[in-house]
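Since the structure comes first, as structure tokens, the remarks are kept for the end.
Numbering (UniProt numbering), first residue to last: 1 to 438.
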């Protein structure tokens, strides 16, 4: 039997895996130019105290999507002091970009720092760690370029509103990723430190649907009304029935909203917000069509009018195969085991949109939490500020920085990265054709 998944040990079988397991790859490849990784480790070690203060400062001052004003200022100030050219308020009010170029010509490495927190529970997805990781990677790549005389550019992009705002999707549309040859970032999840995961995650479509009816006295003349709340309840029930016919890998979940509701008035307005998730963009859109039919049926049954609105979708992660193999070679050689199935596999991230646009890598990595302390819980908020989480983040940052430098220095490796990206583009197009045909 393959070795046990390191993300599952000591976290109370968070995913309830059963007997089928995806094997850990046995990566025995040597590290490319180990002197470069030595430089990267020295740089990040020298910045350890500063990075720890930065991490804790962001953690203690959580800000919600598109409101990351203080975090924006803290991070841009830090990067200016590290010798980067910084553009604040870049394309979005709380986005920013920090750039460093060495030599002439060369390729362009992109790195992402997320910043936003969650309502009520702060940094319960560890974006304080992700912000710090982006800084660590960019600073390490900068110094390695200088010390080993490697031409190129490193671009650290501060990306707001990952939690429900699709900040990266907006930034893609506004050109923030143009010119990047590769983009890198990482994400924490429950698990033992010094372990990593290179799985995908789910594409997600947000749907807002409004039902419009007609008010009436709920006791005196209810027959005069069209009940918008009833329409929403029927839609919820329709989707609950639909779930039996969906694949186990799909997710559909939503909430009710209303205004001026009182028991003795037939509600003339109701709103619902739904997430539809699936392993690929093509499967997600096929499921969206079935969910939309549930809304239409509810409106028809109650005599209400309906206005559905498709909000910006976030796409599945398409991990670049050449980049993930390089990550495995470095991480397993220096820091710990890597699996290829778990991590944040049933969640969603707007970095998926980046992986559709250019070769990209988004490893998950383990940080220790208490029982039932997964992402988006107060326990994970507490875990995200521990020294164990900090050190685990730096291990992944060193690995990503080494990959970034190799992209700049090794023409053959970059050609392999591009080839695997083009191959995956063909694969996802074929997936879409198969879904459409069914």
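Glycine included, each C-beta is placed from N, C-alpha and C at the ideal position. The structure displayed is predicted, hence computed values, not measured ones.
Note that the C-beta distance between residue 306 and residue 297 is not below 7 Å.
If you draw a straight line from the Cα of residue 291 to the Cα of residue 239, it comes to about 7 Å. Sequence-distant partners of residue 200 (beyond 5 residues in either direction) whose C-beta falls short of 6 Å from its own C-beta, in its chain, are 316, 317. DSSP, reduced to helix, strand and coil, places residue 55 within a helical segment of the structure shown. Per DSSP, residue 134 is one residue of the alpha helix (DSSP H) stretching across 127-147. A distance below 6 Å between beta-carbons, with the five flanking residues on each side excluded, links residue 406 to the following residues of its chain, in chain order: 32, 413.
Between the region 155-170 and the region 344-351, the count of Cβ pairs shorter than 8 Å is three or higher; the stretches touch. A residue is called buried when at least 16 other Cβ atoms come within 10 angstroms of its Cβ; residue 204 meets this threshold and is buried. By the neighbour-count definition (other C-beta atoms within 10 Å, threshold 16), residue 284 is a buried residue. By the CB criterion at 7 Å, residue 383 and residue 369 fall inside the cutoff. In this structure residue 388 is in contact with residue 193, their Cβ atoms being roughly 5 Å apart against a cut-off of 8 Å. Judged by DSSP in its simplified three-state form, residue 292 adopts helix.
Residue 334 carries a helical assignment under DSSP once its states are collapsed to helix, strand and coil. Around the CB of residue 427, fewer than 16 other CB atoms lie within 10 Å, so the residue is classed as exposed.
For residue 272, the secondary structure class from DSSP, reduced to helix, strand or coil, is strand.
Boundaries cannot be given for residue 118, as no alpha helix (DSSP H) includes it and DSSP labels it neither H nor E.
A contact is defined here as three or more CB-CB pairs under 8 Å, and the region 119-129 fails this definition with respect to the region 94-103. Every alpha helix (DSSP H) of 4 residues or more that sits fully in the region 184-263 is shown, in chain order, as 228-242. Pairing residue 49 with residue 331, the inter-Cα distance amounts to about 23 Å.
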